[in-house]
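Participant: Pasting a structure below so you can have a look.
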């Protein structure tokens, strides 16, 4: 089979040719043996290929660490309905309720996007800029990933001197700059998604003052009554927040595509 192979003697070590052939034989005869790891965590998949709400399960939330709350010493009584129990001084969040509230929030995001509403994502934790950027892109919305500037909603005419441009029904800029009379009717977001409400109390307060509905990730040290649609989950885990914002953005993308289809049918 190998006419140019020069075999070594029994008392001599294998040649490089023989070692190569032995490795090839071993790989061909044993490569199909053993087990393969499936369904492993690949960080960039959660960012670029988020799951829809139909594909999210309690096991996915558990793997992302969504069940881990804060220390029992930081317990806020209003979060009691979302807590399953405690373990070694850490509150455990009931993931069945997390999944239920996540479904409700996804329906809200989908409905707002389908009706052409403006969705704003806020997340000022580290390593969240890319997930927020892609989430806003899917929904045709906006995001804040660094620091919330006080007055962005309630006093935007004083802190911003940008030119306001006209957009068409599909949200594409036409290039025409609005005049002073047209700018008086300020455009505010129709829905705000806040990934860490505790650190963005000013943004939450401005949304309440402007009567803008909010979706917030509520940990065991947060106040759920401050947001319109709470989602009980771990707000300290980047993996958990990436998973949740990806699910919400996929719902927004679904609503946006439904809207475009209605435009084409019209």
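Numbering (our numbering), first residue to last: 5 to 270.
From the three backbone atoms N, C-alpha and C, an ideal C-beta is built for every residue, glycine too.
The model shown is predicted, which means the values in this text are computed figures rather than measured ones.
Given 8 angstroms as the limit, is there contact between the region 102–115 and the region 253–270, that is, 3 or more CB pairs closer than that?
Facilitator: yes
Participant: Would you report the Cα separation of residue 267 and residue 144, rounded to the nearest angstrom?
Facilitator: 16 angstroms
Participant: Starting from residue 148, follow the beta strand (DSSP E) in both directions and report where the run begins and ends.
Facilitator: 146–148
Participant: Using a threshold of 8 angstroms, state whether the C-beta atoms of residue 250 and residue 54 are closer than that.
Facilitator: Their beta carbons are under 8 angstroms apart, which means residue 250 touches residue 54 by this criterion.
Participant: Specify the secondary structure class of residue 30 as computed by DSSP and reduced to three states.
Facilitator: helix
Participant: Provide the residue(s) that pair with residue 90 in DSSP beta bridges, ordered along the chain.
Facilitator: 95
Participant: Let me know if residue 236 comes out buried or exposed under the rule of 16 or more other beta-carbons within 10 Å of its beta-carbon.
Facilitator: buried
Participant: So what's residue 234 in DSSP terms, helix, strand or just coil?
Facilitator: Correct three-state label for residue 234: strand.
Participant: Classify residue 177 as helix, strand or coil using the three-state DSSP reduction.
Facilitator: strand
Participant: Could you tell me which residues DSSP puts in a beta bridge with residue 62?
Facilitator: DSSP, once it has assigned bridges, lists no residue as partnering residue 62.
Participant: When you compare only the Cα positions, how much space is there between residue 317 and residue 210?
Facilitator: Here the chain has residues from 5 to 270 only, and residue 317 is not among them.
Participant: Once you ignore the five residues that flank residue 67 on each side, which residues in its own chain have a CB closer than 8 angstroms to its CB?
Facilitator: 45
Participant: Roughly how many whole angstroms lie between the Cα atoms of residue 223 and residue 136?
Facilitator: 19 angstroms
Participant: Could you tell me whether the Cβ atoms of residue 12 and residue 22 are closer together than 8 angstroms?
Facilitator: yes
Participant: Could you please give the first and the last residue of the uninterrupted beta strand (DSSP E) stretch that includes residue 74?
Facilitator: Segment 72–75, the beta strand (DSSP E) holding residue 74.
Participant: Quick one: what does DSSP say residue 4 is sitting in, helix, strand or coil?
Facilitator: Residue 4 lies beyond the residue range present for the chain, which begins at 5 and ends at 270; the question has no answer from this structure.
Participant: To which residues does DSSP link residue 220 through a beta bridge?
Facilitator: 198 and 234
Participant: Whole angstroms is fine: what's the gap from residue 92's alpha carbon to residue 207's?
Facilitator: 34 angstroms
Participant: Taking buried to mean at least 16 other C-beta atoms within 10 Å of its own C-beta, is residue 273 buried or exposed?
Facilitator: This structure does not reach residue 273, given that the chain is present from 5 up to 270, and the question cannot be answered.
Participant: Which of helix, strand or coil does DSSP assign to residue 79?
Facilitator: coil
Participant: Please tell me whether residue 121 and residue 195 are closer than 8 angstroms, where the distance is taken between their beta carbons.
Facilitator: The criterion of a C-beta distance shorter than 8 angstroms is satisfied by residue 121 and residue 195.
Participant: Select from 156, 243, 9 and 86 the residue whose C-alpha is nearest the C-alpha of residue 69.
Facilitator: 243
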